[in-house]
Every structure is written in C-alpha cells, then in structure tokens.
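Protein chains in written order, with this note's numbering: chain B, 1 to 462; chain P, 1001 to 1462. Just so you know, even glycine gets a beta-carbon here, dropped at the ideal spot from N, CA and C.
1) Can you find a C-beta in chain B that's less than 8 Å from the C-beta of residue 1146 of chain P?
2) Within this structure, are the beta carbons of residue 393 of chain B and residue 39 of chain B separated by less than 8 Å?
3) Going by DSSP, which residues form a beta bridge with residue 160 of chain B?
4) Taking the CB atoms as reference points, tell me whether residue 117 of chain B and residue 8 of chain B lie closer together than 8 Å.
5) Quick one: which chain B residues come within Cβ less than 7 Å of residue 1011 of chain P?
6) Is residue 1111 of chain P closer than 8 Å to residue 1547 of chain P when the C-beta atoms are compared?
7) Looking at the structure shown, is residue 200 of chain B part of a helix, part of a strand, or coil, going by DSSP?
8) List, in order along the chain, the chain B residues whose C-beta lies closer than 7 Å to that of residue 1040 of chain P?
9) Report the CB separation of residue 50 of chain B from residue 429 of chain B in whole angstroms; it is logged as a contact under 8 Å.
10) Using three-state DSSP, classify residue 282 of chain B as helix, strand or coil.
11) Determine, using beta carbons only, whether residue 397 of chain B comes closer than 8 Å to chain P.
12) How big is the Cα-Cα spacing for residue 465 of chain B and residue 348 of chain B?
13) Using 10 angstroms around the beta-carbon of residue 432 of chain B, count the other beta-carbons present and answer buried if the total reaches 16, otherwise exposed.
14) With 8 Å as the C-beta to C-beta threshold (strictly closer), list the residues of the segment 385-411 of chain B near chain P in chain order.
15) When the cut-off is 8 Å and only beta carbons count, does residue 1048 of chain P lie next to chain B?
16) Put residue 117 of chain B into one of helix, strand or coil per three-state DSSP.
17) With respect to the alpha helix (DSSP H) encompassing residue 1227 of chain P, which residues constitute its N-terminal and C-terminal limits?
18) Is the separation between the beta-carbon of residue 314 of chain B and that of residue 140 of chain B shorter than 8 Å?
19) Any contact between the segment 443-453 of chain B and the segment 289-300 of chain B? By contact I mean 3 or more CB pairs, one from each, below 8 Å.
20) Please list the residues of the segment 1100-1117 of chain P that have a C-beta atom closer than 7 Å to any C-beta atom in chain B, keeping them in chain order.
21) Any contact between the segment 1322-1336 of chain P and the segment 1019-1037 of chain P? By contact I mean 3 or more CB pairs, one from each, below 8 Å.
22) Does residue 69 of chain B get closer than 8 Å to chain P when you measure Cβ to Cβ?
23) So which residues on chain P does residue 419 of chain B lean against when the C-beta distance must stay under 9 Å?
24) Please state if the CB of residue 1253 of chain P and the CB of residue 1107 of chain P are separated by a distance shorter than 8 Å.
25) Buried or exposed, going by whether 16 or more other CB atoms sit within 10 Å of the CB of residue 91 of chain B?
26) Count the other CB atoms within 10 Å of the CB of residue 1346 of chain P; is the residue buried (16 or more) or exposed (fewer)?
27) Interface residues of chain B around residue 1454 of chain P at Cβ under 9 Å?
28) Can you list, in chain order, the residues of its chain with a C-beta nearer than 6 Å to that of residue 381 of chain B? Leave out the 5 residues immediately preceding and following it.
29) Leaving out five residues before and five after residue 1012 of chain P in sequence, what residues of the same chain have Cβ atoms less than 6 Å from its Cβ?
30) Would you check if the segment 232-246 of chain B and the segment 412-423 of chain B touch, i.e. whether three or more CB-CB distances between them fall below 8 Å?
31) Checking contacts by CB at 8 Å: is residue 432 of chain B closer than that to chain P?
32) Taking only beta carbons into account, state which residues of the segment 365-384 of chain B come closer than 8 Å to chain P, listed in chain order.
33) For residue 4 of chain B versus residue 77 of chain B, is the C-beta distance shorter than 8 Å?
34) Just checking my contact of residue 1448 of chain P with residue 1115 of chain P at CB under 8 Å: how many whole Å lie between their CB atoms?
35) Check for me: the alpha helix (DSSP H) holding residue 1249 of chain P runs from which residue to which?
36) So does the segment 1044-1059 of chain P actually touch the segment 1333-1343 of chain P, counting three or more Cβ pairs closer than 8 Å?
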C-alpha cells in the first residue's frame, strides 16, 4: 500500500524542495503520494510544478497532489509534515521588529508568549484527530518545543518535533580539525537548548582537543572568520563562554540563545558574536531576506523555465533533514538513529514526563523510541533548562486559559522591559499589529485573550 | 523532665524578649531551661538580665543560661530556636545598600544568592546532628524558605521554619471591616509567597466583601492612610494589583515582593505602595533602624535600670509568635494549629517533596503534621511559586557547589542588571565588602566560591 505524506504549509518552498528530493532519492518509498497544502496559491503552484519536474529529473515514481483545503490534505494521510507558520514570515517579522524597536526593544525581544503558531498547530492536530487519527505529525515549524508539548498533551495524535540544530556538533568537530563523520556524540535537552554530553572522535574523548583549540587557535580563528564576513555562532565567543559556564558545549541554536546579556543591543552582540553581530540582528536578517528571495526566484525558474531543470540548480544529493529517513524507518523498518523531540516519559531525568525533550532515538517499524540518557548537570538544569521549561508552561497556560494578563507577564518577564507602562503599551501595540494573511485562518488574538475579571488599570507613570 | 530551649543568636533582643515572655506565660513549660547563645557579649548580657527580671515580674519558674559557645548551648537541647544572622543587621544592610547603589542598584536588588546566613544555618544544623540529633530546630532567621529546605535536605535533624507574615490575613479582615477573630482562613505556598485560598467570616465567604471594599472604599482608605503617614503593604495598590492578576489575595510578605516592576526605583514604589514608598526604601529602612535603636535602649533600661521593670515596658500579654505554643504542643500535647514551613512530602501538589512549603499544620505530641491542602491555581504556580523555587534551588546549588559563576548568574538574573560588565563589577564589590563581626565565624566567602576551570574573562564593554 502506498504511503501518503502531507505537507502543511508547503509554500515554504526551500523546505518542501528538500523533502521532495529526499523522497525521490529514497527508492523504498516509491509509489508514495505527496500532498502539498498551503493557503498561498502562487507558492503552492511553484512547489507542485517543481516537485513534478524534480521527480522526472531523478526518475522517481511519486504522485503529487496539491490543495488549499487542510481537511482534504489530511484525508488518508500517513504522515503530516507541519511546516505551517503564521508569524515566521520574514516580512512580517521585519515589520514587527520595527514596531517593537519604537517601544524600546532590540530585535523584537519583547517576551510576549507565542499565540498564532501554537493555535495553528493545535488546529491542525485536532483536525488530524478527526480525519487521520493514526497518522504521525512530524513538526517542522517553530516553536518546536512548545508545539510538540502542546499537541502531545492536548490531542491523541503521535507527534515528533524535528530540528536541524544538533548538526552543530559537526561544525564543532570540523572547526577543531576533526572529521565529523568519525564523531560519536550526544546532545540531549530541550529544543534549542541542547548540550554536548558525549563527544568522541574515533572513540577518543574530543573535549581535550576542544580545550587546546580554545587555548591556542581560537583567537586566530575569530580574526580569520571576521575577515571572511562573520563568525559562525556555533564557535563564537558566546558559545565558548557558555561552555566555560557549564562545562559542556551548547549545540546548534543553543549558543544563539543563552542569557539576555549576549543580546541587549547591537554593540553587545558584536562583542559576543563577532563584528557583524551574527544573523540575529536587523542587518543580518535583511541578508537572510535577500537570500530567501533569490532562492525563490531560482525555484520559479526551475518550476516553469525551459532552459533550466531542478537537478541543475539543486543537485541530486540527499539533504541532511531527518523527515524522510524517519518515515522510511517507520514504514519500511529501515532502522536509523535520529535526534527527535518527543514527550519525555522518563527518558531525561529531572524533566516532567509530559514535556517534550530533544533526545537521540532509534526509529524502526516499532516506532520512535528515545534512548534513556544520563541526566544533564544540575547547573544546566537550573540555569538553562528549567527557565525555558517554565516559560513554555506559561506560554501554553496563556494559550489554553486565554488570560491576557499572562501575555502581559511574558512581556514583563523580558529582561529588556524597563517598566510596567512600557509593557502594557507594547502589549497593546502587539495585539493591534496589522494581521498578515495566515492570521485570517486562526482565531483572532483579541477574541482569544481576555483580561481577568475587574482588571485593575495601573496608576499613571510618574 | 525539664525541657531545654536554646536560642542561637539570642542577641536579637526584641525576638528573645518575646520568647521569654511567652515562656513565662506558658505555665505548662515551667521548670524549663533557656540557654541564650550569641557572639556579642554585650547584647547577650542584656537579654540574660532582662529575661531574669522578666521571669521575676511574671512569677515564672524558668532557668536561664548564657554562653558564647555554640556547642555548649546545643548540649542536651530539646529545641533550638535559630535566629542567628550574619547579614540581616541594619547597619550592615545599609552599608551594602549604599555600595550597591553606587553600582546602579536600587535598594540592594542585586540578586546575588545568599551565602553567609545559609552557611551559618548549615553549620548550626550539622552541630545539632552531632550534639543534639533529636532536637527540633525552629528556624526564625531568614531566608526561611532556602534555609528550611537546605537543612532538611542536608542533615537528619527535624526542621520547622516559622514566620509571622501569615497574620496579614488579620489586616485584610480588619481593613474591610471584619473581625479577624471570626475569620477561618488558609494561605499556603512558599515562605514570603503565600496566597489566601480560603477566607471565611462566620462561615461566609469574605471575598465578596473584599470586592466591595475595593470598589467603594479603597480610594478613600488610601487617601486617609497617606495622611496618617503610609499605606500598609498588605492593603496597598500593589497587593490589590496582585489580587487582580491571580484571583487570590497575597498575604504578608508576599505583596511586599511580587514582580520587579513594583520595585525599580523610589518613584515606582511610591506609585504602588503609596507616597512614602513603604518600609523597603532607604528612608523607610532608616526609620526602622531608629525604631530598633530606641527599643534596644529601652531594653537596656529594663535589664539594668532600677526604676523600670520589664513588665512596665513590655506588658504581661503573650506575643503572637508561634515558637513557644509549638513547643508546648510537642512537649505537652497541647494541640494547636499553626502556619509552618516544612519539607513538602506531598502536602502541596505541584511542588517537589524535598522543598519547604508553608502550610497549616496540626501540632501535638505526634509531631508537626501539615494538612494536605488543595493545589494552588496553576497561574500562581507558574508566575509566582516556580520562579521562587528555581531561585532557591540555584542558591542552594551555588552554596553546595561553591561555583562562583552561579553567584554571577544570580546577579545577571536580577532585572535591575543592565549588562554583563555591571554584574561582574557588582559581584567583585560584594565579594570584597568589608566583613562584619559574625562573618568571622563563617567560612570566608572568597574561600568558599571558585570560578569554574579555565574561566573566560568577558571581552571589554564597547
């Protein structure tokens, strides 16, 4: 029987393209149906055409469908890859950054708990409960940590969150002169908050090599990278500082986060992340917008053009994304080890059972089975993991209770907030930000959240 | 057999005086021995003399001893009331406030985790394990939450932390026109973080009365109190604002804390706590220093003077402190209900078993037995209880690991800290603050804490 893979938010073209390529190159999944769903007809058409031409290029036996209707897309789905997002759109984020900057926030660090993307995830998961209750949801859109926990708790569907941040271990290895393919590693934690507990090269502990690199080579490396245009976050001074605080290297998106003190303003980011301040700056983000636009232009060319074929532009090699290999493992028993986000259920000590943790897992016909790993150091739990866990719990409680004062609390909890009045003004502005197109498909934020009864307006600022 | 009650830090004269008075007036404890221990010989003499004269005044049969040696004081003790503190000395605190103000902190809000008082508690508890392992420790000194948890986890002695903040329910009742003696109440949580879950007057829910007071009478009350010199924190706008956020009244020291946004500077405190800004301001604290000095002058007069007897100055009524009634309950089976801080062990849902919670308890010959109370609202757990719990855990981990970077993290975690450099400078200054006399009896803070291996100095501020 053929497998049906549905991609929600398929208009995220780069991502869909990678999935299509991996599917084409996974011969054991031949005959599968791929259903693209998006609310943006133009982007949907691009990915649909592109996929068809790519399959031709690679000689793959796949059927493609497209639809604007979520319910139709979910019918008979075996796997739902959810990459849909309401707010993670570069132009919307830029607009929001500019709005929040007028309220005194750097790089949108307002702390307001996520609403739209989580509500959207919940809507999709509830539809799946109704339409395809036995399907797997592979969550690709952020926030993976909050979303995996939310859907896992609130619905009966099988959820697995996926990210590629853990590949940061390869950058660490490469940078210090080791072959990433000869590395045995482990980095458990929460999504975007994972720590390199095991790091072996040819079976030998590679941390001493890292120590020696820091001592003897890091300064020259940073200078050279600056000249090349920027220091990779994974090997930035911020990452090494976190390593010194915690004794384990932070991996992937972990050094990109860390404490507020790395991120207060552009000058501070430049101190910790190198002269450009890294990607998470207004200028860094503008570069990303440019890159994405160029990529989309290429895709359209490959989808509709006559001179250029997809394989010419995007090659015939597999990506490093885990989605299709995991599907292959579950469907065809082609066993593999992956880094997944699933409800904990005891695999990582010190974290409640109903919280999504990021862990190595064995995937085969039996399912996705996380390895029970050793506990993280207590200091990492107390200063990194639990604060994130608590923020996630508040975000979910705000969403599920609809209590607007919890949104306010989130803003107050941002280290960038200087006064109660600044927080209430920022909240008002964010509630009334001009909605983008996807938001029309989600309950309006102002209908969803309400102040507690007899809410007390604060006295005026002095 | 006579009961021996040892008071560690007995030079805290107001507190010792109350204990002596309560002991004198608890006839079932007649024949008890009271041992005063302090490192300050002058203050120890004052309390010793005063106690003797007070017992004469009240015709009580008690024996008093005094000593400068902790080990001697603990020998054969049945109860150890620990009020000792290294840093909670008004003059030291004032000096520290002035130092931290020069680094940009208002009212010493640096966030550096407690060291001296906790280490002192641990030293006392370890001595008790050795010398009087069956005695009860009644902890009177702050931090009660951290200290009760620490001693309960690290030693085998019986520990109960006591505070009087819960009597705030009486102020609430009185202010809204109810008779506190006819109130049935409950306010569980963590010390300094307790919430009025039950509030009945003559068996009727008294919250509607509070609602009507807020609507119709609060404004006039605040104006009147301003004219009298200050609004009580328990009924301040800050307290009512917390009530609106959480649906339950915060009790005692709870409204005195709350979010950082009530406490950023004097003007902000004045908005929330009334025109004077309350006791937790530099000027408010100076008033407290004056009051304490005047009280100590009176005590000396009553201890050594010929014209004045203790009973003339301090009366012949019991205090509302719980220490002696609890001892009477444990020793003589004179059962009572008290508000205690003990390791949770399942009494308050959602809090780990090995964390000290504040709860109502029944005390009699069987021991101190907390009531299993209903869980607190999830919003209170997520925004008030868990953040405090996490901070306590970090404080204890810093103490037990001796990791100086955890002290730095505490300062970085203060909402008043603006940059990494400000935090490191504040840390250095606090480590080198001129030690006061009690600190000589505790391991030096600079010996106790060390940076992690190969600590990385931050790059210079721009």
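Checking against the coordinates, here is how it stands:
1) Chain B contact via Cβ: absent.
2) For residue 393 of chain B and residue 39 of chain B, no; Cβs fall outside 8 Å.
3) Listed as beta-bridge partners of residue 160 of chain B by DSSP are B/138.
4) With respect to the 8 Å criterion, residue 117 of chain B and residue 8 of chain B are not classified as neighbours on the basis of their beta carbons.
5) Close to residue 1011 of chain P, with beta-carbon spacing below 7 Å, lies no residue of chain B; the smallest spacing is near 35 Å.
6) Only positions 1001 to 1462 of chain P appear in the structure, and residue 1547 of chain P is not among them; the question remains open.
7) Secondary structure at residue 200 of chain B: strand, using DSSP grouped into helix, strand and coil.
8) Within 7 Å Cβ-Cβ: nothing; residue 1040 of chain P doesn't reach chain B, min ~36 Å.
9) The pair is not a contact, with the Cβ atoms about 39 Å apart (cut-off 8 Å).
10) Collapsing the DSSP output to three states places residue 282 of chain B in a helix.
11) With 8 Å as the cut-off, residue 397 of chain B counts as an interface residue toward chain P.
12) One cannot answer for residue 465 of chain B here, as it falls past the ends of chain B, which runs 1 to 462.
13) Answer is exposed; the Cβ neighbour count stays below 16.
14) So the list reads 386, 387, 390, 393, 394, 397, 401, 403, 405, 406, 409, given in the order they occur along the chain.
15) So no, residue 1048 of chain P is outside the interface.
16) Three-state result, residue 117 of chain B: helix.
17) From DSSP, the alpha helix (DSSP H) with residue 1227 of chain P extends over 1218-1228.
18) Contact: no.
19) With contact defined as three or more Cβ pairs closer than 8 Å, the segment 443-453 of chain B and the segment 289-300 of chain B are not in contact.
20) Identification of residues in the segment 1100-1117 of chain P having a C-beta nearer than 7 Å to some C-beta of chain B yields an empty set.
21) Using a C-beta cut-off of 8 Å, the segment 1322-1336 of chain P makes contact with the segment 1019-1037 of chain P, since at least three inter-stretch Cβ pairs fall below that distance.
22) Residue 69 of chain B does not count as touching chain P.
23) What residue 419 of chain B touches in chain P, judged by beta-carbon distance under 9 Å, is 1261, 1264, 1268, going in chain order.
24) Not in contact: residue 1107 of chain P and residue 1253 of chain P (Cβ atoms no closer than 8 Å).
25) The residue in question, residue 91 of chain B, is exposed, as its Cβ has fewer than 16 Cβ neighbours within 10 Å.
26) Classified as exposed, residue 1346 of chain P has fewer than 16 neighbouring CB atoms from the shown chains inside 10 Å of its CB.
27) Neighbourhood of residue 1454 of chain P in chain B, by CB distance below 9 Å: 211, 214, 215, 244, in chain order.
28) Only 350 meet the Cβ criterion.
29) If we look at residue 1012 of chain P and ignore the five residues flanking it on each side, its Cβ neighbours are 1083.
30) Touching, no, given that fewer than three Cβ pairs across the two stretches are closer than 8 Å.
31) Taking a beta-carbon distance threshold of 8 Å, residue 432 of chain B does not count as an interface residue toward chain P.
32) So the list reads 378, 379, 382, 383, given in the order they occur along the chain.
33) For the pair residue 4 of chain B and residue 77 of chain B, the CB atoms are nearer than the 8 Å cut-off.
34) Confirmed, about 7 Å.
35) Here residue 1249 of chain P belongs to no alpha helix (DSSP H), and DSSP marks it neither H nor E.
36) At 8 Å Cβ cutoff, the stretches do not touch.
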